[in-house]
Structures are given as structure tokens and as C-alpha cells.
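Asker: Protein sequence lines correspond, in order, to chains E and U.
FYI, in the UniProt record's numbering the residues of the first sequence are 1 to 811.
FYI, in the UniProt record's numbering the residues of the second sequence are 1 to 811.
Have a look at the structure that comes next, please.
2 protein chains.
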Amino acid sequence: MKFGFFDDNEKEYVITTPKTPLPWINYLGCDNFFSLYSNTCGGYTFYKDAKLLRLTRYRYNNIPTDTGGKYFYINDNGTIWNPGWQPTKTELDSYECRHGLGYSRITSSKNKLKACVTAFVPLEDNCEINQVLLTNDSTDTKTFSLFSYVEFCLWNAVDDMTNFQRNLSIGEVEVDGSEIYHKTEYRERRNHYAIFAANQKADGFDTSRDAFLGAYNATDDPAVVNSKCSANSIASGWSPIGSHHFNITLKPGESKSLIFVLGYIENKEEDKWESLNIINKKPAKAMLSRYSSDEQVTVALNNLKDHWNQLLSKYVVSCKDDKLCRMVNIWNQYQCIVTFNMSRSASYYESGTGRGMGFRDSCQDLLGFVHLIPDRARERIIDIASTQFEDGSAYHQYQPLTKKGNLDIGSGFNDDPLWLIACVSAYIRETGDLSILGETVPFDNDESKTASLLEHLRRSFDYTLTHLGPHKLPLIGRADWNDCLNLNCFSKEPGESFQTTGPSEGPIAESVFIAGMFVKYGKEYATICHELNDFEEEVRALAAVESMNKAVLESGWDGQWFLRAYDANSNKVGSHECTEGKIFIEPQGFCVLAGIGVEEGLAKKALDSVKEHLDTKYGIMLLQPAYSKYYLNLGEISSYPPGYKENAGIFCHNNPWVSIAESVIGRGDRAFEIYQKTCPAYLEDISEIHRTEPYVYSQMIAGADAVFHGEAKNSWLTGTAAWTFVNVSQYILGIQPDYKGLVINPCVPSGFGDFTITREFRNAIYYISIKNEHNTQKGISKLIVDDKEMFSNLIPFEKGKTTYYVTAIME
Amino acid sequence: MKFGFFDDNEKEYVITTPKTPLPWINYLGCDNFFSLYSNTCGGYTFYKDAKLLRLTRYRYNNIPTDTGGKYFYINDNGTIWNPGWQPTKTELDSYECRHGLGYSRITSSKNKLKACVTAFVPLEDNCEINQVLLTNDSTDTKTFSLFSYVEFCLWNAVDDMTNFQRNLSIGEVEVDGSEIYHKTEYRERRNHYAIFAANQKADGFDTSRDAFLGAYNATDDPAVVNSKCSANSIASGWSPIGSHHFNITLKPGESKSLIFVLGYIENKEEDKWESLNIINKKPAKAMLSRYSSDEQVTVALNNLKDHWNQLLSKYVVSCKDDKLCRMVNIWNQYQCIVTFNMSRSASYYESGTGRGMGFRDSCQDLLGFVHLIPDRARERIIDIASTQFEDGSAYHQYQPLTKKGNLDIGSGFNDDPLWLIACVSAYIRETGDLSILGETVPFDNDESKTASLLEHLRRSFDYTLTHLGPHKLPLIGRADWNDCLNLNCFSKEPGESFQTTGPSEGPIAESVFIAGMFVKYGKEYATICHELNDFEEEVRALAAVESMNKAVLESGWDGQWFLRAYDANSNKVGSHECTEGKIFIEPQGFCVLAGIGVEEGLAKKALDSVKEHLDTKYGIMLLQPAYSKYYLNLGEISSYPPGYKENAGIFCHNNPWVSIAESVIGRGDRAFEIYQKTCPAYLEDISEIHRTEPYVYSQMIAGADAVFHGEAKNSWLTGTAAWTFVNVSQYILGIQPDYKGLVINPCVPSGFGDFTITREFRNAIYYISIKNEHNTQKGISKLIVDDKEMFSNLIPFEKGKTTYYVTAIME
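Below, the structure written as C-alpha cells:
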């Protein structure tokens, strides 16, 4: 069942009912000021940090779902309704929500009154604009009331929901005409306040939640809206809100627009006050003046659209599969940027109160956005590398504001170091900018201990090489990519972190997955050395890679597939000898995409085993059979009920690894089948099963062992976005950034047909046309660049050349 | 305006409308299993620790207020209502909530169907019982549906409201007939589950919140209740709930009772499972069998009532002031026990997610419950003293489960050590048990470093003595009793803790309040030494006390009142020389009750100044004039808006100090006036202003500078309970436990009349009759014990004697 449709022309997803299976959201904001915005106007707003500087309150796991947002109420002759349906849930005569790139627009009508709410965060200011356009579609004059409503958060979202003995006494506001200022704690150490203002003179206002709602009332039944009369309340403690009231009369056919701005203002210490306890409102008023007319708002919205259109013009495919096109050209790239902005902090599943940016998360996210924002990717790489330790290991997380490593979780996740090579090589391949390798980067953010970024990579490489176990495979440490495979943990106490309990270095437990990574990114490291003409280091690296390759073939192969690991007693994990968890997805994907066992025929065997044992119609499960009980020696993975999360869920992040692996061995049909299974656009028709947004990836889909097989969870903030984009853009469509230029190496399913790609690469534009007359699945036989035939599938990059016309022929 | 009345006979407060200004709650549970229970059935349940082992979910600061509880829904021919009004808020034909001691009973009716819900935690089991009695008061047969509803918390209340990417996948239940088992995480490291069961065969059940409520529905409109048909849902992830459905038919006049039990069960590791993934239910079924009949429930409830009646029989006053009698005999003592059980963890203002037991909080709470549960007071003292450091300082908080000091907050609150003397002396005065002083008690919970409790007291005493500032007054450190007076903090960053920022030891800033404490409890320490015949130490202690007394008179007197402190620059705080914060309440109360300046006439002057500058009709404010802005050198106190909390709020905890001080100088009228102003029973008639429960004290009442002057906040968990009980029982009514026996030293207002007190003391019962024919305010002139006239106001304790008949004559 569908709950909307894609409008590819407008780059929008159009939701046609407010009653989606779960709230379907969008992200507003590009830089420092962000809002989560659901299809019923739910969500919240923050500045830079979703925990520390939250402007509006949101109750996660609330009843009803997703009540809390920026609401507008209309009282039209006693019928009280919201354009976004929630919270009154008054049935609407029409409803449409368009989630676009950085903006959302909800249009609905009731009793021939139409309301259109357009919400976005402009590029240049720290505010969210809500433009409300009201139109009388009836033949009679209509007189009605419009009320706005936001509930302020007292800034620190964790403190706000726990420290009531203080918080209920500190709320403070100021009201100046239609401007409502939320200034809690501004009297003391904060130098910032929030503003919620309307661009026209209001007929009343409220700032006390109790006054607005009435005692024991929910937001579905506010006393003030009922009575059509604001209390003009000034909050003192308890819960400050912002609400405006407008009495409006519209003649038949007449429209009226109102602009509401919710903004964040910082003042310098010396400019905090206008007079005793009266805040300095000048910067707020200056901001409001930039959005006081419909014309200004239209310009700001158009600027925002231009910004996104320009960003997304860097990779554009045209082919006969609409679903693939819209994912590649719009939604997958959009989601990659959102993961850049949000990391794993604020979604409808991530409560915005955890603080860490993951080392490996950030490295992998970068694979998805490096072509869009290479400069910011460069910054991000330096930030990440700066948290590495001198021995090459890394903090597993770092704090986004201080950019320092998170001591609470520390290090010991032994895949982390290699992801640094992954993201640096992706950056260089994209940009050709080898200079980044010469950047001076501290260890552990200590400026007295620095080295070149290249040296950081060497330490990443050597960390793995010097932490091998009995089978010469890499030690797993606390965990590898699978944070829930905790082979050195042995936790018996509820509440203990599976990730930090137990020693960070176990001397026995080994990961075949990290071995695969080492082969993949060890080769990358060798290539980087080659590019720098350091052939000695290149040879050293390749020799180590070859040894690892051998170790995997000798001790990492189980007969029909790759083993997952050896536990702390050197017992096999992910072997046919195991009772449960016989086969895991990760090593099959990563070993093959690294090229291990391809020549020996093991790669094909491993991928066939994946299909036989792990495949479902909704994607490939992480392991089988699911663990039916808790295993002390395995850790968190066995703590989940079968079919969920790492315990045999379809963990979408690793599905593209297998798809890529299939393309490595040339099976385009299978690679594409895997791509489709978890790709949201292809799941739109089964939204009642999939439940999350059909325009973005989710972290997990319940596996075959689960009660609700096919149900997705944790949409938006997942490394799945980056890896699926890498898969579809580089391996399926086959446009691969390489050190010397773009490589064309597609791997498509039968019947895919011809396709074209417009690719911006190193400030040049490539118009690439790929012909596939003979229905070939893999590779090209002929490459013509600007009428000149090439001798390989590489389009050599030529400095200064701005346009490339490319034709590639699949044999 | 009143919202109910006291039923003194039943020891109940009877609430006559669900629409109280704020939820008015009760506490169920005496030992390990507790529920908060509001007058609309809101609240939550936990086992031992409100953060780590929470059975049911509760959303603080929710909209509507206080939705979340153990609800019963009745669908009577389409009219859907709840006996507690919430959450449907269907108007009731009658409503009554009786909060008793450890139980609550809500009786209401709609359309001639009566429902009576009795909720309590039995003495012997870890469960809450809800007995629902339904009566058809109409003349027709009634057929209707009853649904139960609880929402389970996934145990750790903080994780439950933040870690959704895990939690939405782990919920698990089992259903066995009418027994619903919540077993999330039992598969792995938990050895406990929750049970929610009915004593009769249900017609249906639900365990999935979404199935029960329906998508986007609130608890005011559950789909299943609407349809009168359970979905028999088995939760898998998302939000597990427990709901039963009963189809009931009642003839005119007929009644039916149902018993619901919500319980907590722990199994031993080896007894966890009945079979693979099927939990061992034996202990749950055994518990249910103890509450399967109305007779069993009645016995259990009567046992609970007996328990409380016996506890409260230890201090019973009879006088002509009903309000005073009900506070002394019932509610104040009840609240003292609740503070013993809860410390500051779980109330409607304390979210149950903070972990610390305060060192000073616990010492002071003990003053209020030591006469009720002396054995548990003894244990508590040892727990507290075990967190002391070798130098006499103390962790400011300790963890209730581990009983270890809380490193996050550390030490440096320089009043803490002296409170240990306060509580130990109170214990010895009450029990005569000097043996506690010989107990071996560790420092910092390190069994390799121990000393006698007496030595701990000496270190408390000497810590103060060796930490004096330039005026020979005690250094304040991080703060003294007033946690918000942070003279060594200088915090500029929002979010920094005022309590832990800055040095713990400032070498300059001094507290006159701690000086008062030192004089008071230094004398106590000297008396203890005297009792142990250590006259040398007694003399040393008294000399030090005398020096401190002198230092206060020399450097702590401001002309009309006692100074509050010297800041880190040795500038005065709480002086007429200050622009704001000229006079503080704490030193006036504590210096005078310690006897400082009484002879010199300064005590009277100080208390007159309190009346002149700090008094309001709702109590005495903490300081005046309120701080209008943030002072770096003063800290958190100036962070609050004027009139709230420590910034000139009426901080109820310290009002009894002034009342006691007034009694020290013999002004009974004024002492009693102060007592009355913050005493909830006297505020019942202005509940629309006071807002919190009229049967328990609140921490704070908004001061004269506040917008809502007279509005109280943070009821239940406050040291006010203990201090007001000390005041009224020992200083106003004048029954003072002393080392050698009971001292009779009343200080009452004119017109108070004769009164009698029954007091259990050291296993003897004292029947005390106090005659006041001449309307004397202070002291007695004649004391007759068992027909024998005494030569002082002491009733000497005689070992073995079990009954004392006492007559005291006020001149």
C-alpha cells in the first residue's frame, strides 16, 4: 500500500494522508540550525547541538505518536483543525504534505478554508520560517481564528526532561508586540535566546503552557483555541510556550499570508542587555526584517532550492528505471548529506541526546558525500584523524563541538583505524588532492604530538598488522564493524555496556571481517604510496596484504563461506560447525569486494551461500540461524530477539557490500536484485509492511525470524545511505573515481538498457553515455572520450579541461 | 478553595474532585517495591531503584499533565470512562479519592455503575494490588466491558527514554491465561521480570501498545476499548503493555470484584527458565496465589494499616487545634517515612533518574524518622558515616544500591561533616544507645581504613575547626546547606554544575551559617564526650565552640542581623552594605537556635529583623532584596528569577529553624505563627494558590518577588518534613529526647490551652499531660512523674520501666 508518491520533477515526496504507518519526516537546515519536521508538523528544532541547544521540546516515544511540533490551529466557527492533522486530528477535506530538499509544505483544507504551511530554514540565517497561506475557497465571507503554538525547551534537552526541581522555576519570556522571546537562563550564563515572531500585529498571545492549554488539557484541545481568546499570559517558571492569535476575515476567494519565524540569537557578553533584565533584541529584529514579506520568503526559499539543485547536479543518471533515477539523483544523495549534518544524533530514533560522532560512522558517511562537498569532507577527515592515538588505534567516538575523543567509550574497536584509509582514499580519488596527505595532524588532539596525515594512515595500517591473533588474522578488540559482536566482553550484569565491558585488547579473538578490510584498504594504502612514488612502502604494504589474503584463505574459509571470527577461546564463529550463527554476511561481502578468493572460486561459493542461507524477499539477513539465547562469549549480538538488529535482522548497511561483491564477480542481475530489496523507492508499494519513509533508507529491516518480517526501523541516520550510494553510483552504474581520473566499469542487470550519467568531477563536467546493445552485465569493451578511443576503461583527468563527452560501450 | 478534606479518623485525605490544581499523590510501598499514585491513577512503579528497575513507564512534564498510570477503562454501552477520570476525562457522576497511609482508594460512578479501586503494596510481597469493585446501582441489568492498562518500562528509565535504536527492537512478553509477563532483556542478563495478572479468566488481552491504542491514538481513546474487543496482541519490540478485558454483567444491586496484581519477580540464574525461552513462572504464580481472593486482599490491607497505626503511635498529640493534631499525628510523620524510603529520588518533581542520596539530606531526614524506626536509622547512620573521608570531609552524595560515595560530585560541601554529629546525637538521644559510637566504620567504604563512629564524629568536628578563614569562621567550600550559594565557583559557561565547578576548597570564603552549626553541634559533640566520660575532649570541644561563638559575635554580626558569609574576596554577603541580598534567613535561624547572641540581645534583634525584612503571609523568604541579576561571585543563588528557589523564595526547610529560634528566646506566638505559615494543613483553604497537596510539605513556596507568590513546588521529598517535625514535636510541643530521658519544654502560642501527648520512648510509653491554665508561652514550672515532683524539666529514664504518667504545668 502506498501513502503518497514521488514527484521527481519537484524533487519532492508527496504524502497524501497524515496517517502514515509511522511519522514520515524531513530535515530542514543546512548548516547550524536544524529542524526535524514530520508530515503532521511534528518535530523539533535545535542550534548546532541537539542535546545542548534545543529550541523546542519533543517527547520521544510519546502517546499519541509524534505529538509535539510547531502547530497552527484554526478555529473556524467552532470547527478546530490543524493543517497537519495533528494534534486535533480533525478529519480534513484534503491533505497533502510535500517533503522537498530542505523544506516541507503541507496543504490542507476544511470546510472550504485552505491552509498551506511552508516550512524551511533559510541558507543565511539561524531560523525556521513557517509561511502560512490561508485561502477562502467558499462563496461566503469567512471569519476565523488562527493560533500558532510552539513549546520551548529549556535548552539542554536532557536536563529539560529530568531536572524539574530546578526547571519548573526558571522559565522566562519577554513579549514585544508579535515577538515572543524565550530567555530562560539568559539572566545568568547563556548569551542566547529564542525568538518566535509573526510578521503582523497579533490579536493576542500566550507564553504559559498552562494558560494556553488549560489544566489537564492536551494539545488536541487547547482552552485558548476553544475560547478564541488568548490569555496574554506571561510565563514565570513551569513551561514557557509561544503562541499568537490572529482574527482573520477573508472574502470569497481571498487569501492571506502570515510569516512566522522561530529563531536563535546569540549576543556578545557586552551586548546582552538593553536595560536591566531587558534583553537586547536588535539582532532578532534585524533577522525578522529579512523575512517580513512574502517576497523575501520566496527569494529565500528559491535560494535554498538553487543550493540543493546545484549540489545534486554532481551526479545525475538517466535510465529507464525511474525508481533508480530518483534514488540516485535525489533521495540517496540527500540522505547522505543529512548523515553528514546529523551523524547519528537527531532523528525520530536517535534522541539527539547522545553526543558521540562515530569514528567509523563518520569515515563511512564520507564515502557518500565526498563528491558533493569535498571541502567539508576534507575538514571532516582532519577532525577524525586528530582523534587517532599514536599507536594507530582510535577513539571510537568524538564530541562534535569540541572534536575531542570520547573517553567514556575509549578505543579498542579494531576496525576503526582502517576506515581512515577508506575515507582518505575516497577523498583523494574524488579530488585528486594528494596535498591532504601532507597536512599536519595531531594525535589525540594533542598539538605537541603531530604527524602528517600519511603517517596517520601508516599507523592505521600498522596497528592492524601488529595486532594479529593465533591465526594471523586481526584481533577484533571490543568489536569490529559489528558493534554487537563482543568476543572479549563476557558481561553478566544488566546495564553494563557491551561495548566497554571487558578488556579492550583480547589476545585471542580474531575477525575475518577486519582481515577483509585490511586486504581492501591495505591495497588502497599501497596505491596511495605508489601515487607518492614511495615504492618501498608500497611493496611492504602489498606484501602484508598478500600475507593477510593467505591467512584468510588458510584460516578464514569454512568450506562454503568465509568464517566470521574466532572467539576468545579460538572457537569458530560463523561456521557450519556452530549450532546457531553458522553463517554471517559481513565477511562474505567484504572479503569478496576486497578480491579475496575470487581467483580460487571461493568468492562465488561464498556469495552463493549468502543467497542460499541469508536471503529473504526483504533483503539479506546478517546471520543464520538466529541466536535463540544469550551467549556470554558473543555479547550483545545474542541479546536481541531473533530477527532483530544484529541477531539475524536485515541490517541494511552490509547489504550493499554483498551487492558490490556480486559486481566484483560480474553478476549484474544478482547485484541489482540485492540493491533493489532494501532500496526504499522499490518498497513504496509495501509501505504498510516496511512502514518507514519510502524515500530514505532505514538501518534495519526485521529478518525472517521476526514476528514482523519486513518491518523497518531507524530511518535516516545510517551508514546504509553512503554504502548504497557507493554501490549504485560506482559499482552498478560503474562511475568510479580513481587517482588518475574516472573509471567506467558498470555492472547492470539484464534488460537495464542504455543510460547516461552527468558527473561533476574535479571541477569538470562529464557527459557519459553508456550503450548496452547486447545486454551485457559487466564491464565495457570500448570507451570513447571526446571522439577519441581509450585503451582502458579510464578517462584520464586532464587539468584545466572542463567538459568531457564520453561514450562507453558494454560489449 | 478546598479540593477535599481530612478524614482524621481514617488517617486519610479525601480528594473530592479529580481536577486538583496539580496531581495530588500518595506513595504505596514500605520496603523495596514502591508506586507513586496520583488522585487520577497516574504514577509509576519500581523495585528498589527508580532509575534501574522501573516497572512502568511515566512521562514527566507530559501533556496532559500526569497521563501515564495504571488505568482501568469501562465501556458501558458506549460511554467510556475511568474511575480516576484520567485519561478519558469523561465527567463522572461522583468521584472520591482517599489517600491513606500506604494505600489509596478511588471510588466513582457513572450512569449508576460504581467502581471502587483500592491500590496498595502489601507488606510481604513485591507487588502492587489493584482491587476493582464494580457495583450496579441502577435498577436494570448492566452489561459492560472492563479493560486494564499498564505500559511497561524497559527497566532502566533513562535508557528507556533515550536509546530507541535498541529499545524499539527488544520488547518481549509471555501470556499465560490472565497472566501477562513482561520479560524484556530476561533472555540475556536480567534475572527478573514483571507480571501483570488478574485473578479471573479474562476475555481477552493485549500486550502491544499500538494494537491496544491504535495508530496515533492517545490513552484517552484506545481502539480496543472503543471496539470492546481485545486484539490478543503479542508484543514484539516497540512498546509492550499489559491489558486485560472482562465482559461483565451485573444485575441491579449486584457487585463484582476483580483483583489485579502488578509484581516483580527475581529468579536465580539456574532457575531462570522453564524451557527454551519460556520463563520460570513458579514464583510469580506463588505470589499471585497469595492475593487471589478478596479475603486475602482484605487481610493484607488490614496488616498494612496495622503496620502504619503502630508506627504512628509513637508520637500522638491531643489538643484543640485539629490541624496541628493531624499534621503531627499523621501526615508529617508519614512524610518523614517517605523521605526515608525515597530520599530525593522519586516524586512528581524528582524524576527518579538521579542516583545520589545526599549526605546532609539523609542526616537531616533522620531527625524526623529516628523515633519511628530507630533500628533502620542506626543502619542508615553507619551507611552515611562509611562515606566519610579520613580527614573528616565527606562525599556530598552516595549511591543507594552500592552505598558508595558519588565521585561525580565529590566532596567540599563544608557543612556536610557536622550533620553527621546532628544525626548521631539525635539517634542517641532517642535510643540511649551509646554503643553505636563504638561501631567500627570505614572511611570512603574502604575496609582497610576504619575507625569508631565516635572517631568519625571527632573528625567531623576537627574538619571544621581546621578549615577556618580569615575571620576564624568556617570555610564554605563548594557550598554549605544552601547548595546555591557558590562562593568559589565563578561559572560562566551554561551547563556547568554550580556545585562542582571551581575549587572545592576556597581559602577565603567563609560561612556564618556553618559557624552556627558548629556551635550547635559542637556542643552536642561535647555532650557526647561527657556522656562517655571523656572530659578532656569535652573541654577541648567546648573551648573550640566558645571561640567560634566569639568569632561570630566579632565578625558575623552586621548590626541588626547575622551576616550570611564572606565571599572569595572577603566581601560581606547578607549585609546592609550589600545592594541586594542584604539579609539571609539561614544564619538568623541557626545562630539563634545554637544560642549565639541570646544573652547579648542579638538573637532577638536578628529575629526581629527576619520579621521585618523576610516575612510574608506565606512564610519567610530566604533573602531580601532578591538578586536581580547573576553574580559570578555568588553562583547559582543569583541564577534564579527573583522570588523562586534560593533567590528569595520561601524555602520551607529553613522556616522551622527560625521557629525553633523563636522558641529558644521564648516567643511562642511568633514561633507558632511561623509554623503555621508553611504547614500544609493550614493552607488547605487556599489550595488554589498553594496548589500542591495540603497534607504534605513542599520544598519551596514562591516569594513576594515572584509572579505567583504563594505557589508551592516540589512536594514530598524535602528536608522540610524532618525539620518541621523536630520543631513542632520538640520545640513547640516541647517533648525533647535527651541523653538521660525526656525533657518537657514547650513553647506555645497564647490561647493554645492544655494538651496531652502519648510518646513511645525507649520501649516505654509516656502519657504526658501539659496544663497551661495561665496561658504561658514558654517552659514549665512543675513536672510530676507518676505522682512524684521532679526538680527539673527532665523525666529521668529508668531502665525496665514501661509506663510513665506525666503531668507538666506551664506557669
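All C-beta atoms in this analysis are idealised placements derived from N, C-alpha and C, irrespective of residue type, glycine included.
Just so it is clear, the structure is predicted and the values come from calculations on it, not from any experiment.
#1: Per DSSP, residue 247 of chain E is paired with what?
#2: Please list, in chain order, the residues of the segment 411–443 of chain U that have any C-beta partner in chain E closer than 9 Å.
#3: Counting along the chain, where does the beta strand (DSSP E) carrying residue 700 of chain E start and finish?
#4: For residue 765 of chain U, would you say it is in contact with chain E, using Cβ-to-Cβ distances shorter than 8 Å as the test?
#5: What do you reckon, are the CB atoms on residue 660 of chain E and residue 727 of chain E nearer than 8 Å?
#6: Going by Cα to Cα distance, which pick from U:537, U:258, U:529, U:607 is closest to residue 557 of chain U?
#7: Could you spell out where the beta strand (DSSP E) holding residue 429 of chain U opens and where it closes?
#8: Are three or more beta carbon pairs between the segment 228–248 of chain E and the segment 170–180 of chain E nearer than 8 Å?
#9: Output the residue ranges of the alpha helix (DSSP H) runs that lie fully inside the segment 284–354 of chain U and measure 4 residues or longer, sorted by chain position.
#10: From the DSSP output, in three-state form, read off residue 174 of chain U for me.
#11: In terms of residue numbering, what span does the beta strand (DSSP E) encompassing residue 736 of chain U cover?
#12: Answer with buried or exposed for residue 354 of chain E, where buried requires no fewer than 16 other C-beta atoms within 10 angstroms of its C-beta.
#13: Counting only Cβ-Cβ distances shorter than 7 Å, please list the residues of the segment 568–585 of chain U near chain E, keeping chain order.
#14: Going by alpha carbons, who is nearest to residue 271 of chain U out of U:186, U:256, U:458?
#15: Assign residue 368 of chain E to one of three DSSP states: helix, strand, or coil.
#16: Taking only beta-carbon positions, decide if residue 189 of chain E is within less than 8 Å of chain U.
#17: Suppose you measure from the CA of residue 700 of chain E to the CA of residue 615 of chain E; what does that come to, to the nearest Å?
#18: What residue does the beta strand (DSSP E) around residue 720 of chain E start on, and which one ends it?
#19: Taking only three categories from DSSP, how would you classify residue 478 of chain U?
#20: Can you list, in chain order, the residues of its chain whose CB lies under 6 Å from that of residue 110 of chain E, leaving out five sequence neighbours each side?
#21: Are the C-beta atoms of residue 165 of chain E and some chain U residue less than 8 Å apart?
#22: For residue 572 of chain E, count neighbouring Cβ atoms within 10 angstroms of its own Cβ and tell me buried if that reaches 16, exposed if not.
#23: Grab the span of the alpha helix (DSSP H) containing residue 796 of chain E for me, first residue to last.
#24: How would you write the range of the beta strand (DSSP E) that residue 7 of chain U sits in, first residue to last?
#25: Could you tell me how far apart the beta carbons of residue 291 of chain U and residue 129 of chain U are, in whole angstroms, since I believe they sit closer than 8 Å?
#26: Have a look at U:334, U:386, U:64 and flag the residue whose alpha-carbon is nearest the alpha-carbon of residue 818 of chain U.
#27: Quick one: list the residues of chain E neighbouring residue 64 of chain U, beta-carbon separation under 8 Å, in chain order.
#28: How far does the alpha helix (DSSP H) with residue 394 of chain U in it extend, from its first residue to its last?
#29: Mind checking who residue 273 of chain E pairs with in its DSSP beta bridge?
#30: Where does residue 810 of chain U land, buried or exposed, given buried means 16+ other C-beta within 10 angstroms?
#31: What residues match up with residue 406 of chain U in a beta bridge as DSSP calls it?
#32: Please check the pair residue 133 of chain E and residue 257 of chain E, which I expect to be a contact at CB under 8 Å, by giving their CB distance rounded to whole angstroms.
#33: Count Cβ pairs between the segment 511–524 of chain U and the segment 581–589 of chain U that sit closer than 8 Å; are there 3 or more?
#34: Determine, for residue 641 of chain U, whether the minimum Cβ-Cβ distance to residues of chain E falls below 8 Å.
#35: Listed from N- to C-terminal order along the chain, which residues in the segment 705–718 of chain E have their beta-carbon within a distance smaller than 8 Å of any beta-carbon of chain U?
#36: Quick one: what does DSSP say residue 24 of chain E is sitting in, helix, strand or coil?
Answerer: Well, looking at it:
#1: BP columns for residue 247 of chain E point to E:145.
#2: The segment 411–443 of chain U vs chain E, Cβ under 9 Å: nothing.
#3: For residue 700 of chain E, the enclosing beta strand (DSSP E) has its first and last residue at 698–701.
#4: Taking Cβ atoms only, chain E never reaches closer than 8 Å to residue 765 of chain U, which makes this a no.
#5: Result yes, Cβ atoms of residue 660 of chain E and residue 727 of chain E sit closer than 8 Å.
#6: Residue U:607 is the option with its Cα nearest to residue 557 of chain U.
#7: Unbroken run through residue 429 of chain U is the alpha helix (DSSP H), 416–431; no beta strand (DSSP E).
#8: The answer is yes - the segment 170–180 of chain E touches the segment 228–248 of chain E, with three or more Cβ pairs under 8 Å.
#9: DSSP runs (the alpha helix (DSSP H)) wholly in the segment 284–354 of chain U: 294–312, 322–326, 332–342.
#10: In the displayed model, residue 174 of chain U falls within a strand according to three-state DSSP.
#11: Unbroken beta strand (DSSP E) run through residue 736 of chain U: 735–738.
#12: Classification of residue 354 of chain E: buried, given that the 10 Å Cβ count is 16 or more.
#13: Within the segment 568–585 of chain U, no residue qualifies.
#14: Selected option, being the one with the closest Cα: U:186.
#15: In the structure shown, residue 368 of chain E adopts helical secondary structure according to DSSP, grouped into three states.
#16: Chain U, which has a Cβ nearer than 8 Å to the Cβ of residue 189 of chain E, makes this yes.
#17: Cα to Cα, residue 700 of chain E sits roughly 15 Å from residue 615 of chain E.
#18: For residue 720 of chain E, there is no enclosing beta strand (DSSP E); the residue is found in the alpha helix (DSSP H) stretching over 720–726.
#19: Note: residue 478 of chain U maps to coil in three-state DSSP.
#20: Within the same chain, and ignoring the five residues on either side of residue 110 of chain E in sequence, the residues whose Cβ sits closer than 6 Å to its Cβ are 81, 92, 93.
#21: Residue 165 of chain E counts as touching chain U.
#22: Residue environment for residue 572 of chain E: buried (at least 16 other C-beta atoms within 10 angstroms of its C-beta).
#23: Note, residue 796 of chain E: premise wrong, no alpha helix (DSSP H); beta strand (DSSP E) at 794–796.
#24: Per DSSP, residue 7 of chain U belongs to the beta strand (DSSP E) from 4–7.
#25: Between residue 129 of chain U and residue 291 of chain U the Cβ distance is about 6 Å, and since that is below 8 Å, they are a contact.
#26: In this structure chain U extends from 1 to 811, so residue 818 of chain U is not present and cannot be described.
#27: 213, 216, 217, 218, listed in chain order.
#28: No alpha helix (DSSP H) contains residue 394 of chain U, which DSSP labels as neither H nor E.
#29: DSSP output for residue 273 of chain E lists E:279 as bridge partner(s).
#30: By the Cβ-count criterion, residue 810 of chain U is buried, with 16 or more other Cβ atoms from all chains shown falling within 10 Å of its own Cβ.
#31: Its beta-bridge partners do not exist; DSSP assigns none.
#32: With a beta-carbon spacing of about 5 Å, residue 133 of chain E and residue 257 of chain E fall inside the 8 Å limit used to define contacts.
#33: Flag = yes, the segment 511–524 of chain U and the segment 581–589 of chain U touch.
#34: So yes, residue 641 of chain U belongs to the interface.
#35: Flagged, chain order: 706, 707, 708, 713, 714.
#36: Taken through DSSP and simplified to helix, strand or coil, residue 24 of chain E comes out as coil.
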